[in-house]
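Engineer:
Residue numbers (the working numbering): 92 to 526.
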(Lines of atoms letter the chains of each structure in order from A and count residues from 1; the text may use other names and numbers.)
(Lines give C-alpha, C1' and ligand atoms only; values in the text may rest on other atoms or scores of the structure.)
Protein backbone atom coordinates (compact mmCIF):
# COMPACT_ATOMS: atom_id res chain seq x y z
CA UNK A 1 0.00 0.00 0.00
CA UNK A 2 2.88 2.38 0.67
CA UNK A 3 3.92 2.79 -3.01
CA UNK A 4 0.38 3.99 -3.77
CA UNK A 5 0.49 6.71 -1.12
CA UNK A 6 2.49 9.32 -3.15
CA UNK A 7 0.30 8.74 -6.22
CA UNK A 8 -2.90 9.17 -4.20
CA UNK A 9 -1.58 12.34 -2.57
CA UNK A 10 -0.63 13.70 -5.98
CA UNK A 11 -4.12 13.03 -7.34
CA UNK A 12 -5.69 14.81 -4.41
CA UNK A 13 -3.41 17.81 -4.82
CA UNK A 14 -4.36 17.96 -8.51
CA UNK A 15 -8.05 17.83 -7.59
CA UNK A 16 -7.62 20.67 -5.11
CA UNK A 17 -5.81 22.78 -7.71
CA UNK A 18 -8.44 21.97 -10.33
CA UNK A 19 -11.27 23.01 -7.98
CA UNK A 20 -9.42 26.22 -7.17
CA UNK A 21 -8.91 27.02 -10.85
CA UNK A 22 -12.53 26.17 -11.70
CA UNK A 23 -13.81 28.66 -9.14
CA UNK A 24 -11.12 31.24 -9.99
CA UNK A 25 -11.91 31.19 -13.71
CA UNK A 26 -15.64 31.28 -12.99
CA UNK A 27 -14.99 34.29 -10.75
CA UNK A 28 -13.27 36.00 -13.69
CA UNK A 29 -16.36 35.26 -15.78
CA UNK A 30 -18.56 36.58 -12.99
CA UNK A 31 -16.79 39.92 -12.49
CA UNK A 32 -16.03 40.60 -16.13
CA UNK A 33 -18.98 43.00 -16.04
CA UNK A 34 -18.17 44.76 -12.77
CA UNK A 35 -14.55 45.21 -13.82
CA UNK A 36 -15.72 47.08 -16.93
CA UNK A 37 -18.67 48.97 -15.49
CA UNK A 38 -17.15 52.41 -16.23
CA UNK A 39 -16.44 51.82 -19.97
CA UNK A 40 -19.78 49.98 -20.29
CA UNK A 41 -21.59 53.05 -18.93
CA UNK A 42 -19.79 55.21 -21.46
CA UNK A 43 -20.36 52.81 -24.38
CA UNK A 44 -24.09 52.37 -23.76
CA UNK A 45 -24.61 55.87 -22.34
CA UNK A 46 -26.52 54.63 -19.29
CA UNK A 47 -26.80 55.93 -15.74
CA UNK A 48 -25.02 54.50 -12.72
CA UNK A 49 -28.30 53.08 -11.45
CA UNK A 50 -28.96 51.28 -14.75
CA UNK A 51 -25.44 49.89 -14.81
CA UNK A 52 -25.67 48.79 -11.17
CA UNK A 53 -28.98 47.03 -11.78
CA UNK A 54 -27.14 44.39 -13.81
CA UNK A 55 -25.00 43.47 -10.80
CA UNK A 56 -28.10 43.56 -8.60
CA UNK A 57 -29.74 40.93 -10.84
CA UNK A 58 -26.64 38.75 -10.55
CA UNK A 59 -26.29 39.06 -6.77
CA UNK A 60 -29.98 38.27 -6.22
CA UNK A 61 -29.88 35.17 -8.42
CA UNK A 62 -26.58 34.01 -6.92
CA UNK A 63 -27.74 34.42 -3.33
CA UNK A 64 -31.02 32.57 -3.80
CA UNK A 65 -29.44 29.91 -6.00
CA UNK A 66 -26.69 29.21 -3.50
CA UNK A 67 -29.18 28.20 -0.83
CA UNK A 68 -30.95 25.89 -3.28
CA UNK A 69 -27.77 24.21 -4.52
CA UNK A 70 -26.40 23.83 -0.99
CA UNK A 71 -29.32 21.49 -0.31
CA UNK A 72 -29.44 19.59 -3.60
CA UNK A 73 -25.82 19.50 -4.83
CA UNK A 74 -25.30 16.02 -3.35
CA UNK A 75 -27.61 14.66 -6.04
CA UNK A 76 -25.78 16.25 -8.99
CA UNK A 77 -23.55 14.22 -11.38
CA UNK A 78 -20.48 16.35 -10.78
CA UNK A 79 -18.53 15.23 -13.81
CA UNK A 80 -21.19 16.80 -16.03
CA UNK A 81 -22.74 19.68 -14.09
CA UNK A 82 -19.50 21.53 -13.33
CA UNK A 83 -18.38 21.69 -17.00
CA UNK A 84 -21.99 22.37 -18.01
CA UNK A 85 -22.25 25.37 -15.72
CA UNK A 86 -18.85 26.67 -16.83
CA UNK A 87 -19.74 26.36 -20.51
CA UNK A 88 -23.11 28.05 -19.96
CA UNK A 89 -21.44 30.93 -18.11
CA UNK A 90 -18.87 31.12 -20.93
CA UNK A 91 -21.68 31.37 -23.49
CA UNK A 92 -23.23 34.25 -21.55
CA UNK A 93 -19.88 36.05 -21.44
CA UNK A 94 -19.47 35.43 -25.15
CA UNK A 95 -22.88 37.01 -25.76
CA UNK A 96 -21.67 40.19 -24.01
CA UNK A 97 -18.52 40.15 -26.14
CA UNK A 98 -20.78 40.81 -29.16
CA UNK A 99 -22.28 43.85 -27.35
CA UNK A 100 -26.01 43.07 -27.25
CA UNK A 101 -28.60 45.76 -26.43
CA UNK A 102 -28.10 46.98 -22.89
CA UNK A 103 -31.65 46.06 -21.88
CA UNK A 104 -30.79 42.39 -22.45
CA UNK A 105 -27.62 42.34 -20.32
CA UNK A 106 -29.32 42.28 -16.92
CA UNK A 107 -31.27 39.14 -17.89
CA UNK A 108 -28.14 37.45 -19.20
CA UNK A 109 -26.36 38.29 -15.94
CA UNK A 110 -29.34 36.99 -13.96
CA UNK A 111 -28.89 33.65 -15.74
CA UNK A 112 -25.15 33.84 -15.06
CA UNK A 113 -25.89 34.22 -11.35
CA UNK A 114 -28.24 31.22 -11.36
CA UNK A 115 -25.74 28.88 -12.99
CA UNK A 116 -22.63 30.08 -11.13
CA UNK A 117 -24.35 29.68 -7.76
CA UNK A 118 -24.02 25.93 -8.23
CA UNK A 119 -20.23 25.96 -8.23
CA UNK A 120 -19.10 26.65 -4.66
CA UNK A 121 -21.24 24.08 -2.77
CA UNK A 122 -20.62 21.43 -5.44
CA UNK A 123 -16.86 21.97 -5.49
CA UNK A 124 -16.63 21.85 -1.70
CA UNK A 125 -18.76 18.69 -1.65
CA UNK A 126 -16.43 17.09 -4.23
CA UNK A 127 -13.42 17.80 -2.05
CA UNK A 128 -15.18 16.56 1.07
CA UNK A 129 -16.17 13.27 -0.56
CA UNK A 130 -12.77 12.59 -2.10
CA UNK A 131 -9.92 13.88 0.06
CA UNK A 132 -8.14 12.18 2.91
CA UNK A 133 -8.77 13.90 6.20
CA UNK A 134 -5.18 15.13 6.31
CA UNK A 135 -5.68 17.01 3.03
CA UNK A 136 -8.71 19.01 4.15
CA UNK A 137 -6.78 21.94 5.65
CA UNK A 138 -4.66 22.18 2.51
CA UNK A 139 -7.83 22.31 0.45
CA UNK A 140 -9.32 25.09 2.56
CA UNK A 141 -6.14 27.14 2.32
CA UNK A 142 -5.83 26.64 -1.44
CA UNK A 143 -9.48 27.45 -2.14
CA UNK A 144 -9.10 30.71 -0.22
CA UNK A 145 -6.86 31.96 -3.05
CA UNK A 146 -9.56 31.47 -5.69
CA UNK A 147 -11.11 34.90 -5.10
CA UNK A 148 -7.70 36.58 -5.37
CA UNK A 149 -6.89 34.75 -8.60
CA UNK A 150 -10.33 35.44 -10.08
CA UNK A 151 -10.24 39.11 -9.16
CA UNK A 152 -6.76 39.49 -10.60
CA UNK A 153 -7.84 37.87 -13.86
CA UNK A 154 -11.05 39.92 -14.10
CA UNK A 155 -9.67 43.34 -13.21
CA UNK A 156 -6.12 42.80 -14.48
CA UNK A 157 -7.32 41.49 -17.83
CA UNK A 158 -9.85 44.30 -18.13
CA UNK A 159 -7.20 46.91 -17.36
CA UNK A 160 -5.00 45.47 -20.10
CA UNK A 161 -7.80 45.32 -22.66
CA UNK A 162 -8.95 48.85 -21.85
CA UNK A 163 -5.52 50.15 -22.83
CA UNK A 164 -6.61 49.33 -26.35
CA UNK A 165 -10.18 50.56 -25.80
CA UNK A 166 -11.45 47.00 -26.20
CA UNK A 167 -13.24 46.30 -22.91
CA UNK A 168 -15.47 43.70 -24.62
CA UNK A 169 -12.46 41.38 -25.00
CA UNK A 170 -12.70 40.81 -21.22
CA UNK A 171 -15.84 38.76 -21.79
CA UNK A 172 -14.12 36.66 -24.46
CA UNK A 173 -11.17 36.15 -22.12
CA UNK A 174 -13.45 34.91 -19.33
CA UNK A 175 -15.28 32.58 -21.72
CA UNK A 176 -12.04 30.98 -22.92
CA UNK A 177 -10.82 30.39 -19.35
CA UNK A 178 -14.08 28.72 -18.29
CA UNK A 179 -14.31 26.45 -21.32
CA UNK A 180 -10.68 25.39 -20.84
CA UNK A 181 -11.03 24.45 -17.17
CA UNK A 182 -14.42 22.83 -17.81
CA UNK A 183 -12.84 20.60 -20.45
CA UNK A 184 -10.04 19.57 -18.10
CA UNK A 185 -12.59 18.81 -15.39
CA UNK A 186 -14.67 16.59 -17.66
CA UNK A 187 -11.76 14.41 -18.77
CA UNK A 188 -9.93 14.21 -15.42
CA UNK A 189 -12.80 13.97 -12.93
CA UNK A 190 -13.05 10.18 -12.73
CA UNK A 191 -9.31 9.71 -12.34
CA UNK A 192 -8.87 12.39 -9.69
CA UNK A 193 -11.91 11.39 -7.63
CA UNK A 194 -11.28 7.62 -7.56
CA UNK A 195 -12.29 6.60 -4.02
CA UNK A 196 -10.31 3.40 -3.65
CA UNK A 197 -8.22 3.21 -0.48
CA UNK A 198 -9.31 6.59 0.88
CA UNK A 199 -8.16 7.21 4.43
CA UNK A 200 -10.79 8.21 6.93
CA UNK A 201 -8.55 9.02 9.87
CA UNK A 202 -10.32 12.39 10.21
CA UNK A 203 -13.94 13.41 9.56
CA UNK A 204 -14.41 14.10 5.86
CA UNK A 205 -17.91 15.53 5.96
CA UNK A 206 -18.50 17.18 9.32
CA UNK A 207 -21.87 18.55 8.23
CA UNK A 208 -23.33 15.07 7.90
CA UNK A 209 -21.88 14.00 11.24
CA UNK A 210 -23.40 17.02 12.92
CA UNK A 211 -26.98 16.48 11.80
CA UNK A 212 -27.74 14.72 15.08
CA UNK A 213 -26.78 17.96 16.83
CA UNK A 214 -29.26 19.97 14.77
CA UNK A 215 -31.81 20.32 17.57
CA UNK A 216 -34.51 22.94 18.02
CA UNK A 217 -32.94 26.39 18.13
CA UNK A 218 -33.57 28.26 21.35
CA UNK A 219 -34.80 31.83 21.39
CA UNK A 220 -31.32 33.08 22.20
CA UNK A 221 -29.93 31.25 19.18
CA UNK A 222 -32.56 32.76 16.91
CA UNK A 223 -31.65 36.20 18.21
CA UNK A 224 -27.97 35.51 17.53
CA UNK A 225 -28.74 34.46 13.96
CA UNK A 226 -30.90 37.50 13.26
CA UNK A 227 -28.32 39.94 14.60
CA UNK A 228 -25.43 38.26 12.76
CA UNK A 229 -27.46 38.11 9.54
CA UNK A 230 -27.96 41.88 9.78
CA UNK A 231 -24.23 42.30 10.32
CA UNK A 232 -23.54 40.15 7.23
CA UNK A 233 -25.96 42.15 5.06
CA UNK A 234 -24.51 45.52 6.09
CA UNK A 235 -20.95 44.25 5.68
CA UNK A 236 -21.48 43.17 2.09
CA UNK A 237 -23.51 46.30 1.37
CA UNK A 238 -20.33 48.24 2.20
CA UNK A 239 -17.77 45.80 0.79
CA UNK A 240 -19.39 44.98 -2.56
CA UNK A 241 -20.71 48.51 -2.97
CA UNK A 242 -17.17 49.87 -2.86
CA UNK A 243 -15.79 46.99 -4.96
CA UNK A 244 -18.36 47.70 -7.66
CA UNK A 245 -18.06 51.48 -7.74
CA UNK A 246 -14.40 52.12 -6.89
CA UNK A 247 -13.28 52.25 -10.56
CA UNK A 248 -16.06 54.77 -11.29
CA UNK A 249 -15.23 56.88 -8.21
CA UNK A 250 -11.55 56.96 -9.13
CA UNK A 251 -12.45 58.01 -12.68
CA UNK A 252 -15.09 60.63 -11.87
CA UNK A 253 -13.73 62.01 -8.61
CA UNK A 254 -9.98 61.91 -9.18
CA UNK A 255 -9.68 61.79 -12.99
CA UNK A 256 -8.08 58.32 -13.27
CA UNK A 257 -8.28 56.46 -16.57
CA UNK A 258 -10.27 53.22 -16.81
CA UNK A 259 -7.19 50.98 -16.86
CA UNK A 260 -5.51 52.74 -13.93
CA UNK A 261 -8.74 52.59 -11.93
CA UNK A 262 -9.00 48.85 -12.47
CA UNK A 263 -5.39 48.26 -11.48
CA UNK A 264 -5.98 50.23 -8.27
CA UNK A 265 -9.03 48.07 -7.58
CA UNK A 266 -6.92 44.91 -8.03
CA UNK A 267 -5.11 45.37 -4.74
CA UNK A 268 -8.25 45.41 -2.59
CA UNK A 269 -8.75 41.61 -2.38
CA UNK A 270 -5.17 41.23 -1.15
CA UNK A 271 -6.08 43.30 1.90
CA UNK A 272 -8.97 40.90 2.39
CA UNK A 273 -6.50 38.11 3.17
CA UNK A 274 -5.11 40.21 6.04
CA UNK A 275 -8.69 40.73 7.21
CA UNK A 276 -9.26 36.99 7.54
CA UNK A 277 -6.02 36.57 9.49
CA UNK A 278 -6.91 39.54 11.70
CA UNK A 279 -10.33 38.01 12.43
CA UNK A 280 -8.78 34.71 13.47
CA UNK A 281 -6.28 36.42 15.76
CA UNK A 282 -8.80 38.79 17.32
CA UNK A 283 -11.20 35.91 18.01
CA UNK A 284 -8.61 34.56 20.47
CA UNK A 285 -9.46 37.49 22.78
CA UNK A 286 -13.04 38.33 21.77
CA UNK A 287 -15.06 35.12 21.81
CA UNK A 288 -18.56 36.52 21.31
CA UNK A 289 -19.15 36.90 17.56
CA UNK A 290 -21.52 39.84 17.93
CA UNK A 291 -18.97 41.72 20.00
CA UNK A 292 -16.19 40.77 17.59
CA UNK A 293 -18.23 42.03 14.63
CA UNK A 294 -18.98 45.23 16.53
CA UNK A 295 -15.27 45.80 17.15
CA UNK A 296 -14.59 45.56 13.41
CA UNK A 297 -17.57 47.80 12.64
CA UNK A 298 -16.29 50.45 15.05
CA UNK A 299 -12.99 50.54 13.16
CA UNK A 300 -14.87 50.54 9.86
CA UNK A 301 -16.84 53.65 10.91
CA UNK A 302 -13.61 55.50 11.64
CA UNK A 303 -12.15 54.60 8.24
CA UNK A 304 -15.34 55.57 6.38
CA UNK A 305 -15.13 58.94 8.13
CA UNK A 306 -11.65 59.37 6.67
CA UNK A 307 -13.00 58.39 3.23
CA UNK A 308 -15.50 61.26 3.44
CA UNK A 309 -12.66 63.60 4.34
CA UNK A 310 -10.53 62.38 1.41
CA UNK A 311 -13.39 62.98 -1.06
CA UNK A 312 -14.15 66.45 0.24
CA UNK A 313 -10.48 67.46 0.28
CA UNK A 314 -9.72 65.53 -2.95
CA UNK A 315 -6.81 63.63 -1.32
CA UNK A 316 -6.37 60.54 -3.49
CA UNK A 317 -3.61 58.92 -1.38
CA UNK A 318 -5.78 58.97 1.75
CA UNK A 319 -8.71 57.62 -0.27
CA UNK A 320 -6.67 54.65 -1.56
CA UNK A 321 -5.26 53.85 1.89
CA UNK A 322 -8.77 53.91 3.32
CA UNK A 323 -10.01 51.57 0.61
CA UNK A 324 -7.38 49.03 1.61
CA UNK A 325 -8.36 49.33 5.29
CA UNK A 326 -12.06 48.98 4.47
CA UNK A 327 -11.36 45.86 2.42
CA UNK A 328 -9.37 44.39 5.32
CA UNK A 329 -12.05 45.12 7.93
CA UNK A 330 -15.01 44.11 5.73
CA UNK A 331 -13.37 40.79 4.82
CA UNK A 332 -12.63 40.31 8.51
CA UNK A 333 -16.32 40.66 9.38
CA UNK A 334 -17.19 38.34 6.52
CA UNK A 335 -14.73 35.72 7.78
CA UNK A 336 -16.16 35.91 11.31
CA UNK A 337 -19.75 35.40 10.16
CA UNK A 338 -19.40 32.93 7.27
CA UNK A 339 -16.41 30.82 8.34
CA UNK A 340 -15.31 31.15 11.95
CA UNK A 341 -18.76 31.24 13.57
CA UNK A 342 -20.28 28.28 11.67
CA UNK A 343 -17.30 26.06 12.49
CA UNK A 344 -17.07 27.17 16.12
CA UNK A 345 -20.79 26.53 16.72
CA UNK A 346 -20.96 23.19 14.91
CA UNK A 347 -21.96 21.37 18.13
CA UNK A 348 -24.97 23.64 18.62
CA UNK A 349 -26.22 24.14 15.06
CA UNK A 350 -25.54 22.57 11.68
CA UNK A 351 -22.53 24.43 10.32
CA UNK A 352 -23.67 24.05 6.70
CA UNK A 353 -27.03 25.65 7.45
CA UNK A 354 -25.41 28.47 9.42
CA UNK A 355 -22.84 29.20 6.73
CA UNK A 356 -25.55 29.15 4.05
CA UNK A 357 -27.83 31.46 6.04
CA UNK A 358 -25.03 33.95 6.61
CA UNK A 359 -24.00 33.77 2.95
CA UNK A 360 -27.56 34.43 1.84
CA UNK A 361 -27.67 37.46 4.14
CA UNK A 362 -24.41 38.64 2.60
CA UNK A 363 -25.94 38.64 -0.85
CA UNK A 364 -28.93 40.63 0.35
CA UNK A 365 -26.45 43.39 1.12
CA UNK A 366 -24.65 42.86 -2.18
CA UNK A 367 -27.94 43.02 -4.10
CA UNK A 368 -28.87 46.33 -2.47
CA UNK A 369 -25.42 47.85 -3.01
CA UNK A 370 -25.09 47.71 -6.78
CA UNK A 371 -28.35 49.38 -7.84
CA UNK A 372 -29.03 51.29 -4.62
CA UNK A 373 -25.67 53.04 -4.40
CA UNK A 374 -25.68 53.75 -8.13
CA UNK A 375 -29.10 55.38 -7.79
CA UNK A 376 -27.93 57.47 -4.84
CA UNK A 377 -24.80 58.54 -6.74
CA UNK A 378 -26.92 59.60 -9.74
CA UNK A 379 -29.03 61.91 -7.60
CA UNK A 380 -26.67 63.11 -4.89
CA UNK A 381 -23.06 62.25 -5.75
CA UNK A 382 -20.40 60.08 -4.15
CA UNK A 383 -20.20 61.98 -0.87
CA UNK A 384 -23.78 60.97 -0.15
CA UNK A 385 -22.95 57.35 -1.05
CA UNK A 386 -20.16 57.28 1.55
CA UNK A 387 -22.50 58.92 4.06
CA UNK A 388 -25.03 56.13 3.52
CA UNK A 389 -22.32 53.50 4.03
CA UNK A 390 -21.19 55.27 7.20
CA UNK A 391 -24.73 55.46 8.59
CA UNK A 392 -25.26 51.74 7.91
CA UNK A 393 -21.98 50.91 9.66
CA UNK A 394 -22.81 53.13 12.64
CA UNK A 395 -26.18 51.39 12.96
CA UNK A 396 -24.44 48.00 12.97
CA UNK A 397 -21.96 49.25 15.58
CA UNK A 398 -24.74 50.52 17.83
CA UNK A 399 -26.61 47.23 17.46
CA UNK A 400 -23.47 45.28 18.35
CA UNK A 401 -22.85 47.48 21.37
CA UNK A 402 -26.44 47.10 22.52
CA UNK A 403 -26.48 43.30 22.33
CA UNK A 404 -23.03 43.13 23.93
CA UNK A 405 -24.15 45.22 26.91
CA UNK A 406 -27.38 43.21 27.15
CA UNK A 407 -25.40 39.96 27.13
CA UNK A 408 -23.04 41.30 29.82
CA UNK A 409 -25.98 42.35 32.03
CA UNK A 410 -27.66 38.98 31.54
CA UNK A 411 -24.43 37.17 32.42
CA UNK A 412 -23.94 39.25 35.56
CA UNK A 413 -27.54 38.63 36.61
CA UNK A 414 -27.18 34.90 36.09
CA UNK A 415 -23.95 34.91 38.06
CA UNK A 416 -25.61 36.82 40.90
CA UNK A 417 -28.55 34.42 40.94
CA UNK A 418 -26.16 31.48 41.02
CA UNK A 419 -24.29 33.02 43.95
CA UNK A 420 -27.52 33.62 45.88
CA UNK A 421 -28.63 30.05 45.29
CA UNK A 422 -25.30 28.75 46.48
CA UNK A 423 -25.45 30.86 49.63
CA UNK A 424 -28.98 29.64 50.36
CA UNK A 425 -27.91 25.99 50.51
CA UNK A 426 -26.26 24.22 53.42
CA UNK A 427 -22.99 22.35 53.22
CA UNK A 428 -24.71 19.18 52.00
CA UNK A 429 -26.12 21.06 49.05
CA UNK A 430 -29.76 20.93 50.21
CA UNK A 431 -32.02 23.82 51.08
CA UNK A 432 -32.17 24.57 54.82
CA UNK A 433 -35.30 23.49 56.67
CA UNK A 434 -37.54 26.02 58.37
CA UNK A 435 -39.49 24.35 61.24
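Glycine included, each C-beta is placed from N, C-alpha and C at the ideal position.
Only a predicted model underlies this, so the values are computations on that prediction, with no experimental measurement involved.
Relative to the C-alpha of residue 114, which candidate in 148, 199, 126, 206 has its C-alpha closest?
Structural biologist: Its Cα nearest to that of residue 114, the residue 206 stands out among 148, 199, 126, 206.
Engineer: Does the beta carbon of residue 279 fall short of 7 Å from some heavy atom of the ligand SAM?
Structural biologist: Of the ligands one can find in the structure shown there are none, so the ligand SAM has no counterpart to examine.
Engineer: With a threshold of 6 Å on Cβ separation, who are the neighbours of residue 308 within its own chain once the five nearest residues in sequence on each side are excluded?
Structural biologist: The predicted model places residue 308 with a pLDDT of 45, which falls under 50 and marks its position as unreliable, so this point remains unresolved.
Engineer: Find the nearest neighbour of residue 133 within the set 215, 257, 174, 116, judged by alpha-carbon distance.
Structural biologist: Relative to the Cα of residue 133, the nearest Cα in the group 215, 257, 174, 116 belongs to 257.
Engineer: Can you tell me whether residue 406 is helix, strand or coil according to DSSP?
Structural biologist: coil
Engineer: Can you list, in chain order, the residues of its chain whose CB lies under 8 Å from that of residue 106, leaving out five sequence neighbours each side?
Structural biologist: Taken in chain order, the residues that qualify are 217, 218, 221, 222, 283, 284.
Engineer: Do you know offhand how far residue 558's Cα is from residue 337's?
Structural biologist: A question about residue 558 goes unanswered here, because the residues of the chain that appear run from 92 up to 526.
Engineer: For the structure I just gave you, are there three or more beta carbon pairs, one from the segment 145-161 and one from the segment 453-467, closer than 8 Å?
Structural biologist: yes
Engineer: With distances taken from CA atoms, which of 491, 112, 137 is nearest residue 320?
Structural biologist: In this structure, 491 is the residue among 491, 112, 137 with its C-alpha nearest to the C-alpha of residue 320.
Engineer: In terms of alpha-carbon separation, which member of 456, 152, 188, 109 lies closest to residue 335?
Structural biologist: Relative to residue 335, the option among 456, 152, 188, 109 whose CA is nearest is 456.
Engineer: By Cβ distance below 7 Å, which residues in the same chain neighbour residue 346 in space, the five residues on each side in sequence not counted?
Structural biologist: none
Engineer: Going by C-alpha distance, which of 261, 489, 226, 388 is nearest residue 99?
Structural biologist: 226
Engineer: Using only alpha-carbon positions, find the residue among 97, 112, 253, 478 that is nearest to residue 275.
Structural biologist: 112
Engineer: Ignore the nearest five residues each way along the sequence and tell me which others in residue 467's own chain have a CB closer than 8 Å to its CB.
Structural biologist: 475, 476, 479
Engineer: First and last residue of the alpha helix (DSSP H) that includes residue 360?
Structural biologist: 359-373
Engineer: Report buried or exposed for residue 244, applying the criterion of at least 16 other Cβ atoms within 10 angstroms of its Cβ.
Structural biologist: buried
Engineer: Does the distance from the CB of residue 322 to the CB of residue 420 come in under 8 Å?
Structural biologist: no
Engineer: If I follow the unbroken alpha helix (DSSP H) through residue 226, where does it start and stop?
Structural biologist: No alpha helix (DSSP H) holds residue 226; DSSP gives it neither H nor E.
Engineer: Please determine if the segment 189-201 and the segment 165-179 are in contact, where contact requires at least 3 C-beta pairs separated by less than 8 Å.
Structural biologist: no
Engineer: Would you decide whether residue 97 is buried or exposed? Buried here means 16 or more other CB atoms lie within 10 Å of its CB.
Structural biologist: exposed
Engineer: Among 118, 470, 498, which has the Cα closest to the Cα of residue 272?
Structural biologist: 118
Engineer: Going along the chain, which residues of its own chain have a beta-carbon closer than 6 Å to the beta-carbon of residue 139, five neighbours each way excluded?
Structural biologist: 465, 468, 469
Engineer: May I have the straight-line CA-CA distance separating residue 104 from residue 236, to the nearest angstrom?
Structural biologist: 15 Å
Engineer: Going by the CB atoms, is the gap between residue 266 and residue 181 shorter than 8 Å?
Structural biologist: yes
Engineer: Is the Cβ-Cβ distance between residue 130 and residue 253 less than 8 Å?
Structural biologist: yes
Engineer: Output the boundary residues of the alpha helix (DSSP H) element that contains residue 185.
Structural biologist: 169-188 is the extent of the alpha helix (DSSP H) around residue 185.
Engineer: Could you check how far apart the C-beta atoms of residue 333 and residue 392 are, in whole angstroms? I think they sit under 8 Å.
Structural biologist: Rounded, the Cβ-Cβ distance is 14 Å, inconsistent with contact.
Engineer: May I ask which residues mark the beginning and end of the alpha helix (DSSP H) holding residue 262?
Structural biologist: Unbroken alpha helix (DSSP H) run through residue 262: 260-283.
Engineer: CA-CA distance, residue 270 and residue 184?
Structural biologist: 11 Å
Engineer: Output needed for residue 431: all residues of its chain with C-beta closer than 8 Å, excluding positions within five of it in sequence on either side, in chain order.
Structural biologist: 370, 371, 374, 380
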